[in-house]
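Asker: The numbering of the sequence shown is this note's numbering, which starts it at 534 and goes up by one.
All C-beta atoms in this analysis are idealised placements derived from N, C-alpha and C, irrespective of residue type, glycine included.
Bear in mind that the values here come from a model prediction, so they are computed numbers and not experimental data.
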Amino acid sequence: MSKLGDDELSLILNWVNDRNDRKSFSEVCKHWLRVEGLARSSIRVFELDRLPHLLSRFPNLVTFETSEFITDTDLAILARKCPRIEVVNFAIKRPRLVDSDNFDGQSSYHDVGDEGLIALANGCPKLSKVSMRRRKNIGNAGVLSLLESAKCLTNLDFGWCSLVSDEALEAIGSANSITVLNLLGCSLITDRGLAWLSNGSSSKTIKKLVLAECDRITDCGVTLLQRMSGLEELNLAECGPKITDIGGVAIAAIQSLKRLNLSWLVNVSDPTLVALAENCPVLANVEGDTI
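#1: Please state whether the Cβ-Cβ distance between Arg667 and Asp699 is less than 9 Å.
#2: Quick one: give me the first and last residue of the alpha helix (DSSP H) that Asp647 is part of.
#3: Give every residue of the same chain whose Cβ lies closer than 8 Å to the Cβ of Ser720, excluding the five residues on either side of it in the sequence, and list them in chain order.
#4: Mapping DSSP to helix, strand and coil, what is Ser735?
#5: For Lys775, which residues in the same chain have their Cβ closer than 6 Å to its Cβ, ignoring the five residues on either side in sequence?
#6: Within its chain, find whatever has a CB closer than 6 Å to the CB of Thr599; leave out the 5 residues flanking it on each side and keep chain order.
#7: Check whether the Cβ atoms of Ser802 and Asp822 lie closer than 9 Å to each other.
#8: What residue ranges within the stretch 689 to 746 form continuous alpha helix (DSSP H) runs of no fewer than 4 residues, ordered along the chain?
#9: So which of Leu758, Val743 and Glu765 has the shortest CA-CA distance to Asn732?
#10: Answer yes or no: do Leu764 and Ser789 have a C-beta to C-beta separation smaller than 9 Å?
#11: Measure the C-alpha to C-alpha separation of Thr805 and Val782 and round it to an integer number of angstroms.
#12: On the three-state DSSP scale, how would you describe Val578?
#13: So for Cys813, helix, strand or coil by DSSP?
#14: With DSSP as the reference, label Arg613 as helix, strand or coil.
#15: Considering only the beta carbon of each residue, do Leu677 and Leu686 sit closer than 9 Å?
#16: Whether or not the stretch 607 to 621 and the stretch 643 to 654 are in contact is what I'm after, with contact meaning three or more pairs of Cβ atoms, one per stretch, closer than 8 Å; do they touch?
#17: Exposed or buried, Ala817, counting other C-beta atoms within 10 Å across all chains shown (16 or more means buried)?
#18: Under the three-state reduction of DSSP, which class applies to Thr805: helix, strand or coil?
#19: Between the C-alpha atoms of Ile618 and Ser589, what's the straight-line distance to the nearest angstrom?
#20: If you draw a straight line from the C-alpha of Cys793 to the C-alpha of Thr756, how long is it?
#21: Let me make sure I understand the geometry here. Which of Ser664, Ser682, Gly675 and Leu689 has the alpha-carbon closest to that of Gly656?
#22: Between Leu825 and the rest of its own chain, which residues show a CB-CB distance below 8 Å, the 5 nearest in sequence each way excluded?
#23: What's the C-alpha gap between Glu601 and Ser736?
#24: Considering just the uninterrupted stretch of the beta strand (DSSP E) at Leu767, what are its terminal residues?
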């Protein structure tokens with residue numbers, strides 16, 4: 534066994550898919566431990582205290598996940614140690630039975646912000662999927678840096694990033710590779726931001742758009758979304774009373790729509806449903822609690 538080189542051990546490891554078996558492989562000896570670390574492409578971290586040591590062992594990571602509070606310094610270390618990263622998921626799941634306001638306050642003080650996202654963007658140009666959901670310190674500066682440095686972005690999730698506004702949507706609208714955009718609960722977004730999305734390059738690439746609980750948008754902005762000719766899934770749930778059948782009928786011009794969520798839009802009614810039925814041939818699912 535001592536004569537086996539890194540290449541041979543890597544070939545053997547490629548046939549080991551079970552997580553526990555790969556762990557056993559790494560425990561044979563220091564050589565096997567090192568090879569397993571070099572071959573690891575994804576990791577989910579629950580404790581960040583030993584992050585620098587951990588990342589030194591796994592320099593070829595492509596996917597990194599954690600739902601724990603993480604600092605700007607941590608992201609700078611991740612970018613420096615693992616420049617091949619393509620997928621990062623930092624989404625925080627809201628704990629059950631926890632007051633929303635208290636949870637948000639606790640999570641934001643020491644949590645990652647624009648400085649960390651900028652470091653990640655500068656160090657990991659191959660990023661394609663980024664989720665920063667519920668990271669309350671993420672704002673426009675971080676989003677702009679991400680769009681400037683990472684040219685292969687396909688999936689962006691800034692749900693409940695309450696500092697993200699129309700300025701970020703201007704940069705996103707200019708991108709030409711994004712297919713999934715989640716802006717759930719980004720309450721600073723207005724019709725102006727939707728105009729940037731609808732008139733930019735991304736209007737031809739975005740297939741899934743989540744605007745649920747963006748309660749500043751109105752019929753004027755929603756009407757512009759009909760320019761997104763490839764849109765397949767649109768979520769406008771709980772966007773408020775300023776969206777009416779005027780916006781709903783305009784959306785029906787998007788013939789590529791397959792899924793549409795209009796839940797709790799109290800001023801959307803039968804005219805919208807009729808227009809959707811007449812103009813959206815591939816529409817398979819419409820959600821709407823009040824229509």
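Answerer: Based on what the coordinates show:
#1: In terms of Cβ geometry, Arg667 and Asp699 do not form a close pair [threshold 9 Å].
#2: Per DSSP, Asp647 belongs to the alpha helix (DSSP H) from Asp647 to Gly656.
#3: Hits under 8 Å: Ser695, Glu746, Cys747, Asp748 and Arg749.
#4: Ser735 falls in the helix class under three-state DSSP.
#5: Cβ within range, chain order: Thr751.
#6: So the list reads Val578, once near-sequence residues are dropped.
#7: No.
#8: If we require 4 residues or more, the alpha helix (DSSP H) runs fully inside the stretch 689 to 746 come out as 699 to 707 and 724 to 732.
#9: Here the closest residue by C-alpha is Leu758.
#10: A distance below 9 Å separates the beta carbons of Leu764 and Ser789.
#11: The straight-line gap from Cα to Cα measures roughly 5 Å.
#12: Correct three-state label for Val578: coil.
#13: Three-state DSSP puts Cys813 in coil, outside helix and strand.
#14: Looking at Arg613 - three-state DSSP - the assignment turns out to be helix.
#15: Going by C-beta atoms, Leu677 is not nearer than 9 Å to Leu686.
#16: The stretch 643 to 654 and the stretch 607 to 621 touch, with no fewer than 3 CB-CB distances between them shorter than 8 Å.
#17: Label assigned to Ala817: exposed.
#18: Here DSSP, grouped into helix, strand and coil, assigns Thr805 to helix.
#19: Near 14 Å, if we compare the C-alpha coordinates of Ser589 and Ile618.
#20: Note on residue identity: the sequence assigns Leu, not Cys, to residue 793. Distance between the alpha carbons of Leu793 and Thr756: 15 Å.
#21: Considering only alpha carbons, the answer is Ser682.
#22: This structure cannot settle anything about residue 825, because the visible part of the chain is limited to 534 through 824.
#23: Their Cα atoms are separated by approximately 34 Å.
#24: In the DSSP annotation of this structure, the continuous segment of the beta strand (DSSP E) that includes Leu767 starts and ends at Glu766 to Asn768.
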